[in-house]
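S.K.:
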Amino acid sequence: MDIATLVGLIGTFTLILIAIGSNLPGFIDPASVVIVIGGATLTVMTSMPLGRVLGLHKVVMKSVFTQSNDLKGLASKLVEFATVARRDGILALENHIDDDTDPFISTGVRMAVDGTDPQLIEKLLFAEIESLADRHKNGKAICDLMGKYAPAFGMIGTLIGLVIMLSNMSDPSAIGPGMAVALLTTLYGAVMANAIFLPIADKLAYYSKEELKARMLILQGVMAIQSGDNPRIVEQKLNVFLAPSERGGHEEA
Amino acid sequence: MDIATLVGLIGTFTLILIAIGSNLPGFIDPASVVIVIGGATLTVMTSMPLGRVLGLHKVVMKSVFTQSNDLKGLASKLVEFATVARRDGILALENHIDDDTDPFISTGVRMAVDGTDPQLIEKLLFAEIESLADRHKNGKAICDLMGKYAPAFGMIGTLIGLVIMLSNMSDPSAIGPGMAVALLTTLYGAVMANAIFLPIADKLAYYSKEELKARMLILQGVMAIQSGDNPRIVEQKLNVFLAPSERGGHEEA
Amino acid sequence: MDIATLVGLIGTFTLILIAIGSNLPGFIDPASVVIVIGGATLTVMTSMPLGRVLGLHKVVMKSVFTQSNDLKGLASKLVEFATVARRDGILALENHIDDDTDPFISTGVRMAVDGTDPQLIEKLLFAEIESLADRHKNGKAICDLMGKYAPAFGMIGTLIGLVIMLSNMSDPSAIGPGMAVALLTTLYGAVMANAIFLPIADKLAYYSKEELKARMLILQGVMAIQSGDNPRIVEQKLNVFLAPSERGGHEEA
Amino acid sequence: MDIATLVGLIGTFTLILIAIGSNLPGFIDPASVVIVIGGATLTVMTSMPLGRVLGLHKVVMKSVFTQSNDLKGLASKLVEFATVARRDGILALENHIDDDTDPFISTGVRMAVDGTDPQLIEKLLFAEIESLADRHKNGKAICDLMGKYAPAFGMIGTLIGLVIMLSNMSDPSAIGPGMAVALLTTLYGAVMANAIFLPIADKLAYYSKEELKARMLILQGVMAIQSGDNPRIVEQKLNVFLAPSERGGHEEA
Amino acid sequence: MDIATLVGLIGTFTLILIAIGSNLPGFIDPASVVIVIGGATLTVMTSMPLGRVLGLHKVVMKSVFTQSNDLKGLASKLVEFATVARRDGILALENHIDDDTDPFISTGVRMAVDGTDPQLIEKLLFAEIESLADRHKNGKAICDLMGKYAPAFGMIGTLIGLVIMLSNMSDPSAIGPGMAVALLTTLYGAVMANAIFLPIADKLAYYSKEELKARMLILQGVMAIQSGDNPRIVEQKLNVFLAPSERGGHEEA
């Protein structure tokens, strides 16, 4: 679970509430809430297929509950597999795959064990990675669109409020409060975009990049194992995916 | 038919009408409508060839009435064809193509049956996909341009209204209503761009991506059938185009 | 001649004049015209070589008077040439080239007839296309820059007007008209960019894409003829450049 | 140490303080500080993993304390190594590597001495460079995000201030000061983004580019040494990384 | 010397001075000049290494004093060299290189005469071109950054001015002039960016493109000479770099 997302979201809203303080009642206007949240959500529906929009909450949850990839653990596992394959033959790997093994490793290793053509293994694993990147992009796209249309409907709401206020200026003392209400939708749109959807889209992009990197590490590892590389070479090939501080002690060259 | 586009469009306008409520008469100004819609449409005419602009309604309709691609069905069909080709020879496929077959599959399979050079088949099918992508882009471009020029003419209309109002400030009580009218064109431009044309352009981009993906799946399938791949390999190659949840039960490796 | 460009430009200005109506005198301020048009043009002179800036009118004219490419006609011509080359040998093509032949076809076919190395033909024709794309980009760049600097000088003019007005606020009744004049430059800049230069840049980009596509079609055709392809294959290769509705009846596969 | 970063940062703030002058007390508002700095930092926490955000100060420090790469020195060192390898054989290089040698040179040369396959050396060194580029990008990303969200929270703070002020307009003399406070957050956001985080991100990008260039120089040098190139050829190959004024006197061709 | 840059710069400032007219004293505020020019320059110092910032005047001068490349002359020279090489052998070229020869041609031809491996010649010349492109980009980057930070400090100055003015609103007659002064920094920033630095960056980009094109022409020419191409083929290969109107009379095919 990503505590930072939660702290970030809750902290930002706490700060905003503190800044508003005792003026809170003046900041709550149901009609303004409806036009910004409703308008942005309905417009995202025009922009994307229904299924995607209905899955928005899952995408948001993902930004909180994603597990980080343990690149170092994956690299060790693959070096271990390379050692086994070198010592006992590649078929021996079958017994080392169990339910705890990363499914992408299992798929790759099983294809290698089955004697699938190496070029086909590489092509299939790579296509799988591209396909995953694509699904990630679609998830992020919903947040991007909410971040794009929320401020737009904030502005539309403010324009509507201004036109109404300016058309009925008989009572000058009503101008201030009228304008305050008109500005609320701009505020709502800015908060929705900048405190929720855009940063969540950033976090999803970060997780996507990390997960794709983990898959590329596995792809390199499986290809190295398949071609019978020396475990030390496998380690060297996988170490480049790790930050220098995470690298194993074996590597010295 | 894409119910989401329709719900999105109708819902957004309903929301805006509710927000305006009884002030509706103050929001309708024929001159403002003409300058924003007319100005944006005429400017798009300067930007694009006439034929494209006249086809705008078709492009908009497409965002409502496009049929989603059934990637899983296409994959099954191609695996079925691969099984037939493997069992009865590639010429046997001719009898399995009928009017219900996707025309892109028919074209590809017919070329394979005719013994066309595989590289030429791939080149032609790929060029066809690129050409389709190009036509899609042109359709979307009209919506993009409407979404770009509508707010610009909204601003031009507001500037014209402000200059007129500011030049005749003898009656202070007319300032409010004058400014209200001036702001209307900005509102119209913002609504046209953000509630109609930009989200429709987003949806068209989504459909284009889906359709190109379906074509790439077919291209891969035809090439695999042509080269006499084992149906199980064909399935593996096509499965990467599907979300994991849609994949067939055969795949286990 | 591209009637749409003309209709778009004239129509937009007619609309703007109608919106201004009887207030026209208040919208004409020679000093504001000079700072926006002069400032933008002089700044484009800083941005680009003199020759380019002086050729601006030619670029604008091109957006009105360009002839659309007849892709279908080009394809037919090349298929016809392929038939001749197949039947009577490639040297026979020399007699079929006359002054009506597209000069890019003539160049390509003449090189083929002269027995120039196919790779060199492809390289030279492709370099020619890239060079044309480059010249197109330079023409469009002037319009892009006018569209970028006109609003900037509109804003600069408005800031100058505001500073003058705010420094001399002794007579409150002069504030309105002073601000009206200050806003005029912003209006001029917005109109110049959005009603003239940006849409003309869009149209030039469109024409460039079409012309480059025609050249790519010819390149493919000449290479196919040179390599002695069957005319039916040549037709298939060129058809991918055409919209499905434009394709010839021969193609059935 | 990069004196320019320090001079730039301190100088800019000195200038701003001079411009504010004796009005300083009116420019300090703790609540505004909290919403802009706090809001931006918490939102970056939503956008990025916790570890990255906590490392922000290190990234900022790096923009001040990075050592420039001595490309000329690296090139000379590699030419010297090429001379040794040519004269005494590549194994002789082992004695020339010591703790002062750039670790990237050591890694590369050691692999060459160990007889590692040249293609593998190139692949590993290149992957190392890509991995470094990636780590650099992640460091810069924090500054980019601070530069993006600080102005956003500046605007959110101003909107909150305006709504509070407009809702309580009973005392007209309080409007000015109220609006002054409301604008403070916009000012804070603009200063944080434009005087601190965006320029630091620019500087980090510059350093990253320089360091990657140094690594590419080393990669080219190691590969040239490994393939037994004549030292003069090695020098020619490495000179292209240097500005003409930095190049050695040997080069004459 | 590029007269257009000079005319553009001087002309734009003349226009602005005319628009300001007798109000000039109200437009000069030393504190505002310091915050915009000083703030932008110091921030560029944070963004870039010191040496680059101190070289800013050289970069600006370059936009005025650059000599255009004579592509046609370069092409003729290379065709002439090809004729000599064909007739008298490549070694004969040595006598045709003198101090007037473009140094990039000399370098290339000398390597060819020395019998350097053609692939190495191409690699070295190409790396030289990339390295030049890189140096050009760095020069342009300073202007880009000035163009980015000048308006930012214009806005910061205006915000500071507004806060000071709004905090001391006891004398309503001081509001106008106070706001006039506050707007001055925005004006300065807009003029610095749009009349000086952004167009100069555009011009530098243009010159860079032209110079890189000249180098690519030379690279192609040297490679063609080295491989012993027929002078007519060399001319054809180089003509693609010239506009059709500049091409020599030889070319007829």
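Residue numbers (the UniProt record's numbering), protein chains in the order written: chain A, 1 to 253; chain B, 1 to 253; chain C, 1 to 253; chain D, 1 to 253; chain E, 1 to 253. Cβ coordinates follow ideal geometry from the N, Cα and C atoms, glycine included. All values reported here derive from a predicted model rather than from experimental measurement.
Might you give, ordered along the chain, the residues of its own chain that have their beta carbon closer than 7 Å to the beta carbon of D/His250, omitting 5 neighbours on each side?
M.R.: Confidence in D/His250 is poor, its pLDDT being 49 and thus under 50, which makes the residue's placement too unreliable to answer from.
S.K.: State yes or no: is the C-beta of residue 294 of chain C within less than 8 Å of the C-beta of C/Gly108?
M.R.: Outside the shown range of chain C, which is 1 to 253, sits residue 294 of chain C, and nothing can be said about it.
S.K.: What separation, rounded to the nearest whole angstrom, lies between the Cα atoms of A/Val113 and B/Arg247?
M.R.: Going by the C-alpha atoms only, they are around 22 Å apart.
S.K.: Is the separation between the beta-carbon of E/Gly154 and that of E/Val36 shorter than 8 Å?
M.R.: Yes. Within cutoff.
S.K.: At 4 residues or longer, what runs of the alpha helix (DSSP H) sit wholly inside the UniProt domain "MotA/TolQ/ExbB proton channel" (100-213) of chain B?
M.R.: Segments of the alpha helix (DSSP H) lying fully in the UniProt domain "MotA/TolQ/ExbB proton channel" (100-213) of chain B: 103-113, 118-167, 175-191.
S.K.: Just by C-beta distance, which residues in the stretch 197-218 of chain A are closer than 7 Å to chain D?
M.R.: Here the close residues are Pro199, Ile200, Asp202, Lys203, Tyr206.
S.K.: Would B/Val181 pass as a contact of C/Ala180 if the rule is Cβ separation under 8 Å?
M.R.: Taking 8 Å as the Cβ cut-off, B/Val181 and C/Ala180 do not qualify as a contacting pair.
S.K.: Using C-beta distances below 8 Å, list every residue in its chain close to C/Gly189, excluding the 5 sequence neighbours before and after it, in chain order.
M.R.: Same-chain partners within the cutoff: Val36, Ala40, Ala150, Pro151, Ala152, Phe153, Gly154, Met155, Gly157.
S.K.: In the structure shown, what three-state DSSP assignment does residue 255 of chain A receive?
M.R.: Because residue 255 of chain A is not part of the residues shown, which for chain A are 1 to 253, the question remains open.
S.K.: For the UniProt domain "MotA/TolQ/ExbB proton channel" (100-213) of chain C, enumerate the residues whose C-beta is nearer than 7 Å to any C-beta of chain B, in chain order.
M.R.: From the UniProt domain "MotA/TolQ/ExbB proton channel" (100-213) of chain C, only Gly176, Pro177, Met179, Ala180, Leu183, Leu184, Thr186, Leu187, Ala190, Val191, Asn194, Ala195, Pro199, Ile200, Asp202, Lys203, Tyr206 have a Cβ closer than 7 Å to chain B.
S.K.: Please list, in chain order, the chain C residues whose beta carbon lies closer than 8 Å to that of B/Val53.
M.R.: Per Cβ cutoff of 8 Å: Ala4.
S.K.: Identify, in the order they occur along the chain, each residue of the same chain with its Cβ nearer than 6 Å to the Cβ of C/Asn230, setting aside the five sequence neighbours on each side.
M.R.: Here the set comprises nothing.
S.K.: Put C/Arg247 into one of helix, strand or coil per three-state DSSP.
M.R.: Coil at C/Arg247, not helix or strand.
S.K.: By how many angstroms is the C-alpha of A/Phe241 removed from the C-alpha of A/Lys213?
M.R.: Rounded to the nearest angstrom, the two C-alpha atoms are 8 Å apart.
S.K.: Give a yes or no on whether 8 Å exceeds the smallest Cβ distance from D/Gly11 to chain E.
M.R.: For D/Gly11, the answer is yes, since a Cβ of chain E falls inside 8 Å of its Cβ.
S.K.: Any beta carbon of chain A sitting closer than 8 Å to that of D/Leu50?
M.R.: Closer than 8 Å: yes.
S.K.: Between D/Gly221 and chain A, is there a C-beta pair that is closer than 8 Å?
M.R.: Not closer than 8 Å to any Cβ of chain A, the Cβ of D/Gly221 fails to qualify, so no.
S.K.: DSSP three-state label for C/Gln67, please.
M.R.: Looking at C/Gln67 - three-state DSSP - the assignment turns out to be coil, as it is neither helix nor strand.
S.K.: Counting only Cβ-Cβ distances shorter than 9 Å, please list the residues of the stretch 19-38 of chain D near chain E, keeping chain order.
M.R.: Cβ contacts with chain E: Ala19, Ile20, Gly21, Asn23, Gly26, Phe27.
S.K.: Have a look at D/Gln67 and A/Lys237 and give me their C-alpha separation to the nearest angstrom.
M.R.: Straight-line Cα distance between these residues: approximately 29 Å.
S.K.: On a CA-only basis, which of C/Leu187, C/Ile3, C/Arg52, C/Met169 is nearest C/Lys137? Give me that one, please.
M.R.: When each option's Cα is compared against that of C/Lys137, the closest is C/Arg52.
S.K.: Please state whether DSSP places B/Met45 in a helix, a strand or coil.
M.R.: Correct three-state label for B/Met45: helix.
S.K.: For chain D, is any of its Cβ atoms less than 8 Å away from the one on A/Gln67?
M.R.: Cβ-Cβ to chain D under 8 Å: no for A/Gln67.
S.K.: Pull up the distance between the alpha-carbon of C/Asp202 and that of C/Asp134, whole angstroms please.
M.R.: Their Cα atoms are separated by approximately 16 Å.
S.K.: Helix, strand or coil for A/Ser227, going by three-state DSSP, please let me know.
M.R.: Three-state DSSP puts A/Ser227 in coil, outside helix and strand.
S.K.: Flag B/Gly73 as yes if its beta-carbon sits less than 8 Å from any beta-carbon of chain A, otherwise no.
M.R.: No, B/Gly73 lies away from the interface with chain A (no Cβ there is under 8 Å from its Cβ).
S.K.: Give the secondary structure of C/Ile28 by DSSP, where H, G and I count as helix, E and B as strand, and everything else as coil.
M.R.: In the structure shown, C/Ile28 sits in coil (DSSP, three-state: anything other than H, G, I, E or B).
S.K.: Relative to the C-alpha of E/Ile129, which candidate in E/Ile200, E/Gly73, E/Gln220, E/Met45 has its C-alpha closest?
M.R.: Per the Cα distances, E/Gln220.
S.K.: In whole angstroms, what is the alpha-carbon distance linking C/Ile10 and C/Met61?
M.R.: Rounded to whole angstroms, C/Ile10 to C/Met61 spans 14 Å at the Cα level.
S.K.: Here's the rule: buried if 16 or more other CB atoms are within 10 angstroms of the residue's CB, otherwise exposed. What is A/Gly115?
M.R.: When all chains shown are included, A/Gly115 counts as exposed.
S.K.: Return the CA-CA distance between B/Leu74 and B/Pro199, expressed in angstroms with no decimal places.
M.R.: Going from the Cα of B/Leu74 to the Cα of B/Pro199 covers about 28 Å.
S.K.: For A/Asn95 versus D/Thr43, is the C-beta spacing smaller than 8 Å?
M.R.: Not in contact: A/Asn95 and D/Thr43 (Cβ atoms no closer than 8 Å).
S.K.: Return the residue from the list D/Ala19, D/Val33, D/Ser170, D/Phe27 that minimises the CA-CA distance to E/Val33.
M.R.: Looking at the Cα atoms, D/Ala19 is the closest of the given residues.
S.K.: Can you tell me whether D/Gly55 is helix, strand or coil according to DSSP?
M.R.: In this structure, D/Gly55 counts as coil in the three-state DSSP scheme.
S.K.: Going by Cα to Cα distance, which pick from C/Asp29, C/Ala31, C/Asn69, C/Leu15 is closest to C/Glu210?
M.R.: If we check each option's Cα against that of C/Glu210, C/Asn69 comes out closest.
S.K.: What residue from A/Ala4, A/Leu50, A/Ala174, A/Lys72 has the CA that sits closest to B/Asp2's CA?
M.R.: Closest by alpha carbon: A/Leu50.
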